[in-house]
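Worksheet: the structure to be examined is printed underneath.
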Amino acid sequence: MTPATTSSNNWSVLERKLGTFNRLMTTKAAIGQTPKDLIWTLNKAKLYHYVPVVASEARHRVPLLLVFALMNRPTIMDLRRGHSFVEYMVGRGYDVYLLDWGVPGPEDKGMKFDDYVLDYMPRAIRKMKSVSGSSEFSMLGWCIGAILTTIYAAMRPDDGLRNLLLLTAPLDFSNQEKLTFARWTDEKCFDVDKVLATFGNMPGEMIDYGAKALKPVENYVTNFCKLWDNLDDPRAVEAWHAMNTWVTDIFPMAGGAYRQLIVDFYRNNRLMKGELQIRGELVKLNRLRANLLNVIAEADHITPPCQSEAILSKVGSTDTEIYRVRGGHIGIMAGSSAPKQTWPHIDRWLGARSD
Amino acid sequence: MCELNLGGVNMTAEHVDAGPQIDPFEAFRGMRDKYLESMSKVMIDAVNTEEYAQATGAMLNNYLTLSTPFREALDKAMLMALEQFSLPSRQQVIALAERFTNLEMRLDDIDSKLDRILESQSASQPSVAGVTPGAGQSSMSEAKTLHQANNRKGQRSK
């Protein structure tokens, strides 16, 4: 091969890589593709029922409700065909429902955890019970969704909640030294009321920056270098594209809820201290009696393990388990090892308690 | 809070599966990765300091303080313009949206009560359906199905 041919080949490789890179940066991957029915709406919230693929007699009796965080799309649970937690659970015979909080508008700036837990969740759960025909249900809460489901489980222990699964649950804020977010949002540095008075809701861009700034080099540089290195691998490109589509779909968090997250949780750790009040009612964790699986990501820098560990000593549940997974905040459920580690464990634990 | 991009982690794992590739820039990549790794540690330590927290907080605070007069002036001008064009202001639209949400909640409560009534009627039907066994139960079941179908938006998405 002549030097001229080699040079030409190098240029064509570079051109192809640039084309792929440009496509990944400017298009969105198809995520959240598992077939589903919309069965309930309230304001921006939607409740979806995934179309079962297992015959009704072979399905688990107790339906599963998925609750994700307030500031990201729940499509991370249904990322892409062949690599979707929802698809996996539906295939394993669960009757799966997803509560999507939607994107808060300026009119929702006053919405608090109180509203989500006492107005939205009971209504969505009622509809799920009505559609599934089951008075019992399981609930999986991830990140802020885990805070919401924990509060709900503690406040409504007789509502039929049989199994509660918490994923990377930021519940204990006592170890302030390990919480970078706590340092950034301390009242000495961060005037949450001034921010919310200006914007109403907490802008998605600021939340996004906060999350990425925890590991700035990885998120702003290494991520793209790795992509460039793997541009010739279609599987890797597809995985990156789906994840990037989810990551870049940012939206604001309701102002009232954000204020509570900072003041009640990050600054005062009120839930664990037993001081958190939701619409005037004290949240007592010892009233939570559902079977509890607490999934902790050992390399989680957003919710370090110390934030999730203490919950088991506070709840009234007798059937509890901590499952530690190697991985990060999102990686344990959406990473390449999730279908081999986290999902099968969740299936085994939940399957034994869902009939 | 959950936005952290972990795509890189996934790709690394999957790349291993794809097998080795001949790459003349491998040495350069190794150096680059080592540099990024050390930089990453430095930056993580830097953002974890009290100084970083205070600096970013001060920047945000200054931005909010400086932009407030401009934003207020803009809001005032916009309000006047909207009034001139007989268009509703943002506050009026927000008030309307809040009323919609309240109405939705009332409808949801009614829906819940209707479900309960239908369920209790279905449950009591066998004891009163002496004249035409099964007929009442069937119509009640149909009514419930119809009610659920009406509630269901029917927006199946793939």
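For the record, the sequence lines run as chains A and B. Each residue of the first sequence is one higher than the one before, starting from 0 at the first, in numbering that gives the first Met the number 0. Each residue of the second sequence is one higher than the one before, starting from 0 at the first, in numbering that gives the first Met the number 0. Beta carbons: idealized from backbone N, C-alpha and C, even for Gly.
Chain B residues whose Cβ lies nearer than 7 Å to that of residue i
i      : result
A/G104 : A96
A/R125 : S111
A/A212 : V46
A/R122 : D107
Status (buried if at least 16 other CB within 10 Å, exposed otherwise) for residue i
i      : result
B/M10  : Low confidence applies here, because B/M10 scores a pLDDT of 40, under 50, leaving its location unreliable; read the following figure in that light. B/M10 comes out buried.
A/P303 : buried
B/D16  : Note on B/D16: pLDDT 49, under 50, position unreliable in the model; the coordinate value appears next. Answer is exposed; the Cβ neighbour count stays below 16.
B/Q83  : exposed
A/N218 : buried
B/I109 : exposed
A/W227 : exposed
A/Q259 : buried
B/F27  : exposed
A/F84  : buried
B/T48  : exposed
B/E50  : exposed
A/V66  : buried
A/N243 : buried
B/F69  : exposed
A/L349 : buried
A/W10  : exposed
A/S7   : exposed
Contact list for residue i against chain A, beta-carbon separation under 9 Å
i      : result
B/D74  : The contacting residues do not exist; B/D74 stays about 11 Å from chain A at best.
B/A122 : In chain order: nothing, as chain A lies at least about 13 Å away.
B/R31  : C224
B/L158 : Any question about residue 158 of chain B goes unanswered here, given that chain B covers just 0 to 157.
Residue from the options with nearest C-alpha to residue i
i      : options                        : result
A/K16  : A/E217, A/L230, A/G109, A/L117 : A/L230
A/N290 : A/V12, A/D318, A/M70, A/G279   : A/D318
A/W100 : A/F223, A/T149, A/I206, A/A68  : A/A68
A/Y93  : A/L292, A/P121, A/F136, A/I75  : A/F136
A/A64  : A/L147, A/A54, A/Y322          : Just to set this straight, residue 64 of chain A is Leu in the shown sequence, not Ala. A/L64 has its Cα closest to that of A/L147, out of A/L147, A/A54, A/Y322.
A/V262 : A/M138, A/W183, A/T167         : A/W183
A/A168 : A/Y257, A/A309, A/W239         : A/A309
A/F223 : A/H240, A/D118, A/I124         : A/H240
A/L292 : A/R269, A/F250, A/W342         : A/W342
B/R105 : A/D107, A/D118, A/A256, A/V95  : A/D118
B/D107 : A/I301, A/I124, A/L270, A/V102 : A/I124
A/Q306 : A/H328, A/G315, A/L349, A/P233 : A/H328
A/L97  : A/N42, A/I150, A/M76, A/N174   : A/M76
A/L275 : A/D232, A/Y49, A/V236, A/L170  : A/L170
A/D114 : A/I30, A/R325, A/R80, A/I150   : A/I150
A/V53  : A/G81, A/M88, A/L46, A/L41     : A/M88
B/T67  : A/D346, A/P51, A/T197, A/S316  : A/T197
A/M70  : A/N21, A/I249, A/R234          : A/I249
B/L59  : A/V194, A/K126, A/M138         : A/V194
A/R288 : A/L270, A/G315, A/G273, A/L311 : A/G315
Interface residues of chain A facing residue i [CB-CB closer than 8 Å]
i     : result
B/L65 : Neighbours of B/L65 on chain A: none; closest Cβ ~11 Å, over 8 Å.
B/N60 : D190, K193
B/Q53 : K187, C188
B/L78 : What B/L78 touches in chain A: nothing, since even the nearest Cβ is about 15 Å away.
B/E49 : R182
Per-residue DSSP class, three states only, for residue i
i      : result
A/Y426 : Beyond the ends of chain A as shown, which are 0 and 354, falls residue 426 of chain A; an answer cannot be given.
A/N8   : helix
A/R122 : helix
B/K40  : helix
A/V294 : strand
A/M242 : helix
A/L213 : coil
A/I310 : helix
A/K283 : coil
A/D113 : helix
A/W39  : strand
A/L275 : coil
A/L98  : strand
Residue i: contacting residues in chain B (beta-carbon distance under 8 Å)
i      : result
A/D263 : Within chain B, no residue comes near A/D263; the closest Cβ sits about 15 Å away, beyond 8 Å.
A/T341 : Neighbours of A/T341 on chain B: none; closest Cβ ~13 Å, over 8 Å.
A/L41  : T100, E103, M104, D107
A/S133 : The contacting residues do not exist; A/S133 stays about 13 Å from chain B at best.
A/D118 : M104
A/T197 : L63, S66, T67, R70
7 Å Cβ cut-off: residues of chain A touching residue i
i     : result
B/M38 : V216
B/G56 : C188, F189
B/I93 : P105, E106
B/I43 : K214
Interface residues of chain B facing residue i [CB-CB closer than 9 Å]
i     : result
A/T26 : Near A/T26 there are no residues of chain B at all, since even the closest Cβ is about 15 Å away, more than 9 Å.
A/S7  : The premise fails here: A/S7 is roughly 16 Å from chain B at the closest Cβ pair, so nothing lies under 9 Å.
Item to complete: Note down, one range per segment and in chain order, each alpha helix (DSSP H) of at least 4 residues found wholly within the stretch 80 to 133 of chain B.
Response: 89 to 127
Worksheet item: Mind pulling the alpha helix (DSSP H) runs of 4 or more residues that sit fully within the stretch 126 to 177 of chain A?
Response: 143 to 154
Worksheet item: What runs of the beta strand (DSSP E), each 3 residues or longer, lie entirely inside the stretch 47 to 92 of chain A?
Response: 63 to 66
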